[in-house]
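Asks:
Chains as they are written, first to last, in the working numbering: chain F, 17 to 588; chain X, 2 to 81.
1) If you count every other CB in all the chains shown that lies within 10 Å of the CB of residue 240(F), and 16 or more means buried, which is it?
2) Please return the same chain residues whose Cβ sits closer than 7 angstroms to the Cβ of residue 158(F), not counting the five positions on each side in sequence.
3) Is residue 534(F) helix, strand or coil when you go by DSSP?
4) Interface residues of chain F around residue 45(X) at Cβ under 7 angstroms?
5) Along the beta strand (DSSP E) that carries residue 359(F), what are the first and last residues, could you check?
6) When DSSP builds the beta bridges, which residues end up paired with residue 4(X)?
7) Where residue 168(F) and residue 126(F) are concerned, what is the direct C-alpha to C-alpha distance, given to the nearest angstrom?
8) What are the boundary residues of the beta strand (DSSP E) that residue 36(X) is part of?
9) So what's residue 217(F) in DSSP terms, helix, strand or just coil?
10) Buried or exposed: which applies to residue 590(F), given that a residue is buried once 16 or more other Cβ atoms fall within 10 Å of its Cβ?
11) Tell me where the beta strand (DSSP E) around residue 426(F) begins and ends.
12) Please report the distance separating the alpha-carbon of residue 36(X) from that of residue 27(X).
13) So what does residue 29(F) bridge to, in DSSP terms?
14) Along chain F, which residues have their Cβ under 8 angstroms away from the Cβ of residue 68(X)?
15) On the CB-based measure, 16 or more other CB atoms within 10 Å of its CB, does residue 305(F) come out buried or exposed?
16) Would you mind working out which of 7(X), 61(X), 17(X) sits nearest residue 46(X), comparing C-alpha positions?
17) Got a sec: which bits of the stretch 336-355 of chain F sit with their beta carbon under 7 angstroms from any beta carbon on chain X, in order along the chain?
18) Can you tell which of 389(F), 341(F), 316(F) has the C-alpha that lies nearest to the C-alpha of residue 264(F)?
19) If you follow the beta strand (DSSP E) that residue 558(F) is in, where does it begin and where does it stop?
20) Are there 16 or more other CB atoms within 10 angstroms of the CB of residue 155(F), so buried, or fewer, so exposed?
21) Are the beta-carbon atoms of residue 436(F) and residue 188(F) separated by less than 7 angstroms?
22) When we look at the beta-carbon of residue 2(X) and count the other beta-carbons within 10 Å, is it buried (16 or more) or exposed?
23) If you count every other CB in all the chains shown that lies within 10 Å of the CB of residue 145(F), and 16 or more means buried, which is it?
24) Any chance the stretch 529-540 of chain F sits against the stretch 240-251 of chain F, with 3 or more Cβ pairs inside 8 angstroms?
25) Let me see if you follow: with CB-CB separation under 7 angstroms, is residue 66(F) close to chain X or not?
26) Residues of chain X with a CB under 9 angstroms from the CB of residue 269(F): which are they?
27) At the level of alpha carbons, what is the spacing between residue 338(F) and residue 418(F)?
28) Do you know how far the Cα of residue 362(F) is from the Cα of residue 399(F)?
29) Quick one, which of 21(X), 40(X), 51(X) has its alpha-carbon nearest residue 336(F)'s?
30) Return the first residue and the last residue of the beta strand (DSSP E) that residue 141(F) is part of.
31) Nearest to residue 317(F) by CA position, among 333(F), 331(F), 353(F), 311(F), is which residue?
32) When you compare the CB of residue 20(X) with every CB in chain F, is at least one pair closer than 7 angstroms?
33) Comparing the C-beta of residue 59(F) with each C-beta of chain X, is any distance below 7 angstroms?
34) Label residue 491(F) either buried or exposed according to how many other C-beta atoms from any shown protein chain fall within 10 Å of its C-beta, with 16 as the threshold for buried.
35) Kindly indicate which residue of 517(F), 360(F), 132(F) has the alpha-carbon position closest to the one of residue 476(F).
36) Quick check: the Cα distance between residue 500(F) and residue 294(F), rounded to an integer number of angstroms?
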């Protein structure tokens, strides 16, 4: 039937879920619970059937939520004022806040381990802000996969979904391939849920979303929202040999409130007070002082008072993993070390409504794939934005919303009897493009291409501290880089997979630079040196991007701030 | 490049290390009947394969220098 790949296998299902991490598995379980008669298939390039897909198992296992001591409305108001800077969908945020304890109870009922005190109640570290952080089993996806299988959810491992298929405007399935042997898969589905993670450009370890779900949604015409907030960052530790360690690998997250030069504490100078996390203003402290010749910027652990922070507990599985990593990274104890701001990404701009439905019929999007696009977090690269552990909460929350909503849609499709048949012409077009890099013996090397795009998106003064000139330069470089992707060559199917990742990285870089250029103000994680003020008169707006032919169309949409409970000064 | 050391005396050929590699960097060598880190550049050094190995037969040797370095922390050509 085809001249590409190996065998061709056609799969028919009511709901296809692309991605078997926390949000995909939560969507599968809740969809099946709400409509047991529907068939549900979870597809992932890793082994999702055993709970090994997604990033959950690699996290430190922190679950932040609105505890019984916290007021959900205070939590939402804090998030709007301090983090989201009024760009939140406040209704969705409030819904997450009010459902947060119910989510914790539900996942405990599913069998996921959460640390408890001697009375059996969930033990959490309380922040001075309206939330707490509990220790959760990082291997939670193993429990979720087991639960999903008990409910007869089906799995297909080692298969990468490459593109969505349409019938008119409606999404009716997808196409993918087994990256071990090239077998080709056609999926015909009543509804598709994307749960394929965020875009991190593979800049550092652990944060390894490659944005394929963003690319697939954009290509079928889904709207993007909040693409300018695709710039999660952290401080990284610089070891004496020049190696750089981020996050769980002995990074320097604590640096954001404890930055020093040889002259002074620059955290107090640039960003006084308590902050739950890093943001571009903390990066600016490093940037300005370094430019002014006061570097290197460092953290001194010997004067770091643990009592100033929040004391987390860890799940025993997380403790064991941290011990393995500590042995490999030799983290300094009670010493001074240099730090640099580290760009992470976490771009997650697929726009969704309160049912996690995209603007394309039949297509839903949950978890990191639509974190910023949902606007729940506002002017931050959600999740986790500025609250550690809300990434996990967001994955459960959105999965539990998207699953039943997609089931309802798929039931309608099944009842209507409309065709989910995918046209051969569409399939041929997808696979001839996907496998083209394998037909070349030379060209643009995938490793080199990855290095090149990282050099375009990672620099602090392109991604975190921006000006019109530098953004224009970044955009130009991203567009030129994308033009070279037609010359990629792949030596095996694994490298074909990387070619798809690179394609998604190019799209995301362009979306990020174009949206950042349009927003002529500073707000949340969007920090413009040339427009340093927040402009509530002109910019209480979401930037929307959609595909229009071969062009990117950018427009703005007013935030319904008059309808929301929390308003900036001067707006009633 | 990041690599894996396998103690072949301890390895029980259960392939858990291959299954749990979420980035698909670890593969099974059918001829040698042992795992190997075919795509070492992709390894996220998460340590999950090491912790899940039932016999402690694996050791991931990281190459931190090969990971992203801040070679272009500031792209705007202002000299630091």
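Glycine residues also receive a C-beta, built at the ideal position from the N, C-alpha and C atoms. As the structure is a computational prediction, the values presented were derived from the model and not from experiment.
Replies: On the basis of the coordinates in this document:
1) buried
2) 66, 67
3) helix
4) 74, 221, 222, 224
5) 352-361
6) 62(X)
7) 15 angstroms
8) 35-38
9) coil
10) Residue 590(F) falls outside the range modelled here, since chain F spans only 17 to 588, and no answer is possible.
11) Careful: residue 426(F) lies outside any beta strand (DSSP E), inside the alpha helix (DSSP H) at 406-432.
12) 7 angstroms
13) 205(F)
14) 220, 221, 259, 260
15) buried
16) 61(X)
17) 336, 337, 340, 341, 344
18) 341(F)
19) 557-564
20) buried
21) yes
22) exposed
23) buried
24) yes
25) yes
26) By Cβ distance, chain X contributes nothing, its closest Cβ being about 16 angstroms from residue 269(F), past 9 angstroms.
27) 33 angstroms
28) 7 angstroms
29) 51(X)
30) 140-142
31) 353(F)
32) yes
33) no
34) buried
35) 360(F)
36) 34 angstroms
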